[in-house]
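Positions in the sequence shown are counted from 1; adding 134 to them yields the working numbering.
Notes follow once the structure below has been shown.
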Amino acid sequence: MTAAAFWILATVFAVRLYFVTRWRSSTAFLAATGVGVFGLFTTGVVVPEATIDAAMGGHNVLHLVRNLCVTVAVWLVREGIFSAYSDGDGYRRQLSHRPAVVGFMALAIAIPFTFQQFVPTTSEYLPENLNQPAVFIYAVVYMGLLGLLAMSVLKVCLRRQDSRPVRVSAAVVATGMTLIVLACTDEILFLSLEFVSTSRELTGILYMLFSPLFYTGVLLTSLGLGIPPMVKAGRYFQLQDRTALLVLTLMLSRSYWELGPTTWLHKVGESFTTKDPSGRLYEFMIRASDHRIAPTGKPTPWLASRVLTSVQSRFDGDPCSLHSELQTKAKP
135 MTAAAFWILA TVFAVRLYFV TRWRSSTAFL AATGVGVFGL FTTGVVVPEA TIDAAMGGHN
195 VLHLVRNLCV TVAVWLVREG IFSAYSDGDG YRRQLSHRPA VVGFMALAIA IPFTFQQFVP
255 TTSEYLPENL NQPAVFIYAV VYMGLLGLLA MSVLKVCLRR QDSRPVRVSA AVVATGMTLI
315 VLACTDEILF LSLEFVSTSR ELTGILYMLF SPLFYTGVLL TSLGLGIPPM VKAGRYFQLQ
375 DRTALLVLTL MLSRSYWELG PTTWLHKVGE SFTTKDPSGR LYEFMIRASD HRIAPTGKPT
435 PWLASRVLTS VQSRFDGDPC SLHSELQTKA KP
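This is the structure we're talking about:
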């Protein structure tokens with residue numbers, strides 16, 4: 135699951151980087167995904183954790199670096215979501231939205247970490263060192279701050295949104311942040327019970343619950359943040375029109391225009407490369423209408439018929455329909 139979250143977030147980062155360089159999209163989300171990718175990289179999905187930590191001195195400093203990356207990433211996600219979902223920029227006057235705050239958070243997490251008795255690199259760093267008060271305070275402060283940030287993001291995501299892609303994105307991010315809040319609560323309970331040496335069975339259950347909750351939350355948040363740029367990319371490259379054109383070209387072009395195999399394959403390739411897929415779809419709609427009234431017209435395959443119906447509905451009822459696009463293109 136950690137690997138899936140890493141590669142999905144890396145893909146989202148690449149797409150967002152493209153949109154930032156081309157259209158100056160939100161740099162807060164880009165920074166958040168970039169920091170998040172680095173944070174997940176330190177979990178050992180590409181290079182083993184022991185190797186990375188050894189390069190940092192071999193005393194579990196990687197654990198601190200990873201947690202700081204997650205904290206900064208969630209704070210940046212919070213800033214990006216406030217910027218995207220809020221009316222105006224009045225929220226920026228609040229103390230919690232000033233960049234210095236994330237610096238204070240980092241210090242609050244890092245200072246207790248430095249007071250511990252350092253041990254060699256271990257994959258079970260927290261369970262093995264919770265007997266040290268400094269490690270306990272470090273972990274609880276980190277989880278508490280992360281939970282508060284995630285709760286703040288969750289509250290913003292629950293606001294009403296007009297755009298469907300934004301609503302879907304907000305719902306997925308809200309689900310992810312809910313799981314992160316639950317994971318933080320679970321981890322604080324585990325840390326507290328483990329620190330006072332209570333039942334091993336209960337602490338074992340709490341310890342096992344953290345990773346599924348937390349990394350599922352990270353995965354869903356990554357997916358949610360990727361929805362708006364993916365939708366924007368789909369609109370820019372006209373993927374809906376190209377998909378419809380590909381289906382119709384594959385199933386109907388040979389019978390409608392009596393194309394030979396070579397010409398047919400060329401037309402199939404043009405479904406991906408044509409600069410005007412809406413114009414090609416319009417040609418299919420005209421030919422389909424002629425085909426239906428022809429006395430010897432063959433039945434249209436079910437899938438092609440469904441695609442034609444969908445395209446026709448876009449011609450007739452959508453203010454951003456193909457018909458509107460074609461009318462706009464026809465104007466001198």
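Glycine included, C-beta positions come from ideal geometry on N, C-alpha and C.
Taking just the CA atoms, how far does residue j sit from residue i?
{"i": "Gly278", "j": "Phe344", "result": "14 angstroms"}
{"i": "Thr396", "j": "Ser412", "result": "23 angstroms"}
{"i": "Thr383", "j": "Trp398", "result": "8 angstroms"}
{"i": "Asn161", "j": "Asp450", "result": "The sequence shown places Thr at residue 161, rather than the Asn named in the question. Cα-Cα distance, rounded: 38 angstroms."}
{"i": "Leu327", "j": "Ala367", "result": "48 angstroms"}
{"i": "Val204", "j": "Gly168", "result": "11 angstroms"}
{"i": "Arg334", "j": "Thr177", "result": "26 angstroms"}
{"i": "Phe147", "j": "Val171", "result": "8 angstroms"}
{"i": "Leu151", "j": "Leu357", "result": "16 angstroms"}
{"i": "Leu373", "j": "Pro233", "result": "39 angstroms"}
Take residue i and list the residues in its own chain whose beta-carbon comes closer than 8 angstroms to its own, dropping the five residues that flank it on each side.
{"i": "Ile271", "result": "Pro246"}
{"i": "Leu437", "result": "Val381, Met385"}
Can you tell me where the alpha helix (DSSP H) holding residue i begins and where it ends?
{"i": "Arg369", "result": "334-370"}
{"i": "Val253", "result": "Careful: Val253 lies outside any alpha helix (DSSP H) and carries neither H nor E."}
{"i": "Ser101", "result": "Only positions 135 to 466 of the chain appear in this structure, which leaves residue 101 out of reach."}
{"i": "Gly173", "result": "161-174"}
{"i": "Ser405", "result": "395-407"}
Spatial neighbours of residue i within its chain, please: CB distance less than 6 angstroms, with the 5 preceding and 5 following residues excluded, ordered by chain position.
{"i": "Gln295", "result": "Arg301, Ala304"}
{"i": "Leu323", "result": "Leu340"}
{"i": "Cys318", "result": "Met277, Leu280, Gly281"}
{"i": "Val445", "result": "Ala378, Leu415"}
Assuming contact is defined by CB atoms lying nearer than 8 angstroms, are residue i and residue j in contact in what I supplied?
{"i": "Ser387", "j": "Lys409", "result": "no"}
{"i": "Phe252", "j": "Ala268", "result": "no"}
{"i": "Arg200", "j": "Val287", "result": "no"}
{"i": "Ile243", "j": "Val275", "result": "yes"}
{"i": "Phe329", "j": "Leu283", "result": "no"}
{"i": "Pro299", "j": "Ile361", "result": "yes"}
{"i": "Ala240", "j": "Leu202", "result": "yes"}
{"i": "Ala139", "j": "Leu174", "result": "yes"}
{"i": "Asn194", "j": "Thr145", "result": "no"}
{"i": "Ala378", "j": "Leu325", "result": "no"}
{"i": "Pro363", "j": "Val208", "result": "no"}
{"i": "Pro254", "j": "Gly192", "result": "yes"}
Kindly list the residues whose CB is nearer than 7 angstroms to the CB of residue i, restricted to its own chain and excluding five residues on each side of it in sequence; keep chain order.
{"i": "Arg376", "result": "Ser405, Phe406, Pro411"}
Does the distance between the C-beta of residue i and the nearest non-hydrogen atom of the ligand SAM fall short of 7 angstroms?
{"i": "Arg150", "result": "Looking at this structure, you won't find the ligand SAM or any other ligand, since it has none at all."}
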